[in-house]
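The sequence shown runs 22 to 89 under the numbering used here.
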Amino acid sequence: MTLAKTILYTSQEYFCNGCSVGHNDLLIVVLFWIMPNIVWIAFSSLIIRRLGTDILSSIRKASRGKTE
Numbered sequence: 022m023t024l025a026k027t028i029l030y031t032s033q034e035y036f037c038n039g040c041s042v043g044h045n046d047l048l049i050v051v052l053f054w055i056m057p058n059i060v061w062i063a064f065s066s067l068i069i070r071r072l073g074t075d076i077l078s079s080i081r082k083a084s085r086g087k088t089e
């Protein structure tokens, strides 16, 4: 949910041409809006990937146990 919300806010800023943050200097936008969002998106994506891998591994182990 957090990843989706961050992507939604970023998309809104892109499609409205920076209507909420466009009044700031480029340096301020990069330091305080773009960089934290990049870190947040990357961190959330890695957590989702790891969780998905763990879930798939557990499902595969459980299905192998039922067939034997």
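Glycine is no exception: its CB is placed at the ideal position from the N, C-alpha and C atoms. Because the structure is a prediction, the values reported are computed rather than measured.
Check	Outcome
Spell out whether any CB of chain C is found under 8 Å from the CB atom of S32.	Here chain C cannot be found, since the structure has a single protein chain.
Which residue comes first and which comes last in the alpha helix (DSSP H) that contains F53?	From DSSP, F53 is part of no alpha helix (DSSP H); its letter is neither H nor E.
Would the beta-carbon of T23 fall within 8 Å of that of S65?	yes
Going straight from the alpha carbon of G39 to that of F53, what length do you get?	14 Å
Which first and last residues belong to the alpha helix (DSSP H) in which S41 is found?	Unbroken run through S41: none, as it is neither H nor E.
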